[in-house]
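In what follows, a single structure is set out as structure tokens and then discussed.
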Amino acid sequence: MSKTTVAAPANIAFVKYWGARDLEKALPMNPSISMTLDHCVTRCTVEILDGGHDEVWLSEPDGGFGSPEPEFTRRIVEQLDRVREWAGRDEPFRVATRNTFPSAAGLASSASGFAALTMAAAGALGRQDASAKDLSQLARRSGSGSASRSVMGGYVEWPDPGAAGGIDDEPSYALQLADAGHWDLRDIIAVVEIGPKIVSSREGHRLAHTSPYYTRRLELLPERLQKVRRAIEERDLDLLGPVLEEESTDLHIIAMSSQPPIFYWSPGTVAVLRAVRELRQEGLSAYATLDAGANVHVICDPDSEDEVAERLEDLPAVGFVIRDGVGEGPEYETTHLF
Ligand code: DP6
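Take 1 as the starting number for the sequence shown in the working numbering and just add one per residue.
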């Protein structure tokens, strides 16, 4: 049978999705804006089977493939069901997936993973021409809401469905604000911790409203969203940077003050945040943001990339540095994983 492979990138949120109106449907409490990355990619190959059940394979560190945890397989099969239902088909699939970066380390592996899976399954069912809107909506329904932003490249906004007057499933999908060519930003990722995060984003979304600071954050968001949209439009890193740092700090303040509290930071996180401040004092435009994990994404322009990366690599707390930047979005590929 023929195979379909998609490489879909992770994304880093400038304005964070944190807290859900409906966790099952991944309907957010607030709009979010992200930059789609280039090198941190999940590759997923899907093949339609003649009969039997879905088969799910996950790449292992030695390069081979193994059976994932039952919970992971369950989420994949549920997503395949959504794609089949959308396409009006019922064939089983063989699926294999591999990340180019450490999984579950706050590097948005589920966003890239579910974007790749959704697009590869849609493509295998002959729907490579599906609209970005349909794919974004389908990817979001995986439960990894940020996957809705990874089906397109460049700078992406996932608006709040509530703002449109309803919280129905239908209107919630991401839109591209600008393509990758509009603004060449880099994301230098300082990896201070590898391994699955202790508390899932899902749990963070569920608990967010228990923080006394959560309502305040929602009040502050409209102005931040405006600034981030304007910063992207005008390619203004010094307008974007302070807002993306505020957003990251807020997410973690809310996580730390949720009940029960969630602490994602490690000592290495603090060391990197200090180093980024020092770089700024030396005159460089570099700004730090974290998703739900300990690793730090440092956003800077191409001229600063080498200096930022070298400085972070020199920190004893940093295991390694990934140099990434804005990317064009997912692609169908002709080489397959099996
Ligand atoms: C902190 O529910 O999309 O990254 O399924 O783990 O990828 P995963 O998380 P999801 O929440 C993302 C939370 C965030 C902020 C963001 O990307 O907007």
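The beta carbon of each residue, even a glycine, is placed where N, CA and C say it ideally should be. Since the model is a prediction, treat every value here as computed from it, not as a measurement.
Assignment of residue 331 by DSSP, reduced to helix, strand and coil, places it in the strand class. Straight through space, the alpha carbons of residue 335 and residue 119 are spaced by roughly 16 Å. For secondary structure counted as the beta strand (DSSP E) over 3 or more consecutive residues, the stretch 31-69 holds these complete runs in sequence order: 32-48, 55-59. Residue 17 has its Cβ nearer than 7 Å to a heavy atom of ligand 1. For a cut-off of 8 Å, the C-beta gap from residue 139 to residue 6 is around 11 Å, too long to register as a contact.
The C-alpha of residue 236 lies about 40 Å from the C-alpha of residue 72. Look at residue 79 here: in three-state DSSP terms it is helix. In the same chain as residue 76, and ignoring 5 residues on each side of it, the C-beta atoms closer than 7 Å to its own belong to 56, 95, 117, in chain order. Within the same chain, 6, 97, 116, 117, 120 come within 6 Å of residue 44 by CB-CB distance, once the 5 residues on both sides are set aside.
Here residue 307 carries a helix assignment [DSSP, helix/strand/coil]. For residue 320, there is no enclosing alpha helix (DSSP H); the residue is part of the beta strand (DSSP E) that begins and ends at 320-325. Runs of the alpha helix (DSSP H) lying entirely within the stretch 155-226 and spanning at least 4 residues, in chain order: 201-207.
Of the residues 227, 144, 248, the one whose Cα lies closest to the Cα of residue 239 is 227. Contact between the stretch 182-198 and the stretch 141-152 is absent: fewer than three C-beta pairs spanning the two stretches fall below 8 Å. Distances from the CA of residue 171 to each of 206, 50, 135, 195 were compared; the closest alpha carbon is that of 135.
Distance from the CA of residue 190 to the CA of residue 88, rounded to the nearest whole angstrom, comes to 43 Å.
Residues of the same chain with a CB within less than 8 Å of the CB of residue 213, apart from the 5 flanking positions on each side, are 250, 253, 254, 257 in chain order. When DSSP states are grouped into helix, strand and coil, residue 16 belongs to the coil group.
Counting only the Cα atoms, residue 194 lies some 11 Å from residue 266. Between residue 296 and residue 288, the C-beta gap is smaller than 8 Å, which places the two residues in contact. For residue 243, same chain residues with a beta-carbon under 6 Å away, outside a window of 5 residues either side, are 224, 227, 228 in chain order.
With respect to residue 290, residue 300 sits apart: the two C-beta atoms are not nearer than 8 Å. Residue environment: residue 49 is assigned as exposed (fewer than 16 neighbouring CB atoms within 10 Å of its CB, all protein chains considered). The distance from the Cβ of residue 37 to that of residue 61 is about 22 Å, inconsistent with a contact at the 8 Å cut-off.
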